[in-house]
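These notes concern the structure reproduced below.
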Ligand SMILES: [Zn+2]
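Dropping the structure here:
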């Protein structure tokens, strides 16, 4: 059968229109979300909503106001609330919460990077590493403390610090920071110390700013610690020590990692304000506020990076759990009473920017300021999540801490 010229033309037009229809239809199909090229995940250990509100109340007081001041991260456009119970407890520990965030699965309190049956779980940082991302694990606690460890280790128990360092040594991750290393000398005389173990695994450890400034190579695998912990067991708890002159503060740790990474290759940086938890366990009000502000200063470093790469950067700020359940208003008159930040601020300044008060004295000081700490432990409150940048809308509304993995990987 022979087609006429007219029929040929109409056939070509029909095919063309069908093609246009198909292309139009495809463009309306939901697109697979892509993950951001640069991903920052901030975890304030113990930084629940009460602690954030406390900090903003103090910031407002310093401005002569009753309220209204905001941290950088609480000004982000997307906000959600995160449930954070563990597999076996209503109130989580850092290891179980960090495991849920890093692996998307709940586990029991006391377990790290393993499910309740004791099987190792995979942190999404390894998925990103396989996708060509550089990985930075930034914290101001020891590099092998619970929260950072959840992103690269699966020890049999959270306190098996030497085993965590052995996992770090084979992680292949690019940049670690922390106050020092726990389990530094190993479990027996036969174990090489952590300096030797990590050096043999290809890591260069710098202890303090002086050593770091004298480095000759910028592309090597790096561990950056405070100078005062060089060659020894990292001290875990401190109450008033964050004013040490030789210290990297959290923003400086993050800047060092960011400078090392640059912006050519994709990266993921987990940045933990880990000492907020420690100081909130001690119910020290002004030091808690100062450490939340220090974390906010680190968020500012990421935010400046975001402003240069707004279409490719995602910043998430959250907490693993709340610590202390601090109440803004305690023992007040019925209605109309107020806080007395001045009394706390004066005590802080009089002691030279420290709070070395013993438990009972500190409790009385808090009470006189009308600040109440109902517990020195973790609470089961929902924690906040704030987000800005590419894919930030996924962090809007209510979620569970096991949702972070899929939201970050845009699965
Ligand atoms: Zn804690």
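In my numbering, the protein residues as written are -14 to 396.
We put the beta carbon where it would ideally sit given N, CA and C, even for glycine.
message: For a test of the three-state rule: what should DSSP assign to residue 377, helix, strand or coil?
response: As a first step, residue 377 must be located in the chain shown, where it is residue number 392. Helix.
As assigned by DSSP and simplified to three states, the class of residue 1: If you number the chain shown from 1, residue 1 lands on position 16. Three-state DSSP puts residue 1 in a helix.
- request: Starting from residue 257, follow the alpha helix (DSSP H) in both directions and report where the run begins and ends.
  value: Counting from 1 along the chain shown, the entry for residue 257 is found at position 272. First-last for residue 257: 252 to 258, but that is the beta strand (DSSP E), not the alpha helix (DSSP H).
CA nearest to the CA of residue 294, picked from 335, 250 and 337: What you label residue 294 is simply residue 309 of the chain shown in a count that begins at 1. The residue with the shortest Cα to Cα distance from residue 294 is 250.
Residues surrounding ligand 1 [beta-carbon distance to nearest heavy atom under 6 angstroms]: 31, 79, 262, 266, 308 and 363
field: For residue 258, the nearest candidate out of 28, 218 and -9 (CA to CA)
entry: Position 273 of the chain shown holds residue 258. Per the Cα distances, 28.
message: Just to confirm, is the Cβ distance from residue 261 to residue 121 under 9 angstroms?
response: Walking along the chain shown from the start, residue 261 turns up at place 276. Walking along the chain shown from the start, residue 121 turns up at place 136. Not closer than 9 angstroms, so no.
field: Residue from 152, 208, 200 and 147 with nearest C-alpha to residue 178
entry: Residue mapping note: residue 178 aligns to position 193 of the chain shown, counting from 1. The candidate whose alpha carbon is nearest that of residue 178 is 147.
query: Where are the alpha helix (DSSP H) runs, 4 residues long or more, that stay fully inside the stretch 301 to 382, in chain order?
result: 326 to 335 and 344 to 353
message: With three or more beta-carbon pairs closer than 8 angstroms as the criterion, would you say the stretch 175 to 189 touches the stretch 231 to 243?
response: No contact exists between the stretch 175 to 189 and the stretch 231 to 243.
task: Would you identify the three-state DSSP class for residue -7, choosing helix, strand or coil?
output: Position 8 of the chain shown, counting from 1, holds the residue named residue -7. Three-state DSSP puts residue -7 in a helix.
- prompt: Does the stretch 34 to 44 come close enough to the stretch 265 to 276 to have 3 or more Cβ pairs within less than 8 angstroms?
  reply: yes
- request: Please state whether DSSP places residue 224 in a helix, a strand or coil.
  value: The residue given as residue 224 occupies position 239 in the chain shown. For residue 224, the predicted structure reports a pLDDT of 47, less than 50, and the residue's modelled location is therefore unreliable. A value from the coordinates is still provided. In this structure, residue 224 counts as coil in the three-state DSSP scheme.
message: Please classify residue 351 as buried or exposed, where buried requires at least 16 neighbouring CB atoms within 10 angstroms.
response: The residue you call residue 351 lines up with position 366 of the chain shown. Buried is the call here.
query: Since residue 164 is in the beta strand (DSSP E), which residue starts that stretch and which ends it?
result: As a first step, residue 164 must be located in the chain shown, where it is residue number 179. Segment: none, residue 164 is in no beta strand (DSSP E) and carries neither H nor E.
- request: If I'm right that residue 210 touches residue 166 with Cβ under 8 angstroms, what's the distance once you round it to whole angstroms?
  value: Indexing the chain shown from 1 puts residue 210 at position 225. Indexing the chain shown from 1 puts residue 166 at position 181. So it is a contact: roughly 7 angstroms between Cβ atoms.
message: Counting beta carbon pairs with one atom in the stretch 370 to 386 and one in the stretch 291 to 311, are three or more of them shorter than 8 angstroms?
response: yes
- request: List the endpoints of the continuous beta strand (DSSP E) containing residue 206.
  value: Indexing the chain shown from 1 puts residue 206 at position 221. Counting along the chain, the beta strand (DSSP E) containing residue 206 begins and ends at 206 to 210.
- request: Examine the Cβ distances between the stretch 50 to 66 and the stretch 346 to 364 and report whether three or more of them are shorter than 8 angstroms.
  value: no
- request: Spell out the partners DSSP gives residue 124 in its beta bridges.
  value: Taking the chain shown and counting its residues from 1, the one referred to as residue 124 is at position 139. The partner list for residue 124 (beta bridge, DSSP) reads 257.
- prompt: From which residue to which residue does the alpha helix (DSSP H) around residue 282 run?
  reply: Taking the chain shown and counting its residues from 1, the one referred to as residue 282 is at position 297. Unbroken alpha helix (DSSP H) run through residue 282: 270 to 293.
task: Could you check which residue in 384, 115, 93 and 40 has the C-alpha nearest to that of residue 265?
output: As a first step, residue 265 must be located in the chain shown, where it is residue number 280. Closest by alpha carbon: 40.
- request: Please classify residue 283: is it buried, with 16 or more other beta-carbons within 10 angstroms of its beta-carbon, or exposed?
  value: Within the chain shown, numbered from 1, the residue matching residue 283 stands at position 298. It is buried - the Cβ of residue 283 has at least 16 other Cβ atoms within 10 Å.
message: Alpha carbons only, please: which of 158, 162, 144 and 159 is nearest the one belonging to residue 168?
response: Locating residue 168 in the chain shown gives position 183, where the first residue counts as 1. Ranking the options by Cα distance to residue 168, first place goes to 144.
task: Take residue 84 as the anchor and find which of 305, 112, 381 and 357 has the nearest alpha-carbon.
output: Start at 1 with the first residue of the chain shown, and residue 84 comes out as number 99. Residue 305 is the option with its Cα nearest to residue 84.
task: Starting from the Cα of residue 88, find the closest Cα among 94, 98, 79 and 80 and give me that residue.
output: Residue numbering aside, residue 88 sits at position 103 when the chain shown is read from its first letter. Checking every option, the nearest Cα to that of residue 88 belongs to 98.
message: Do residue 74 and residue 100 have their beta-carbon atoms positioned less than 9 angstroms apart in this structure?
response: As a working note, residue 100 is residue 115 in the chain shown. As a working note, residue 74 is residue 89 in the chain shown. Going by C-beta atoms, residue 100 is not nearer than 9 angstroms to residue 74.
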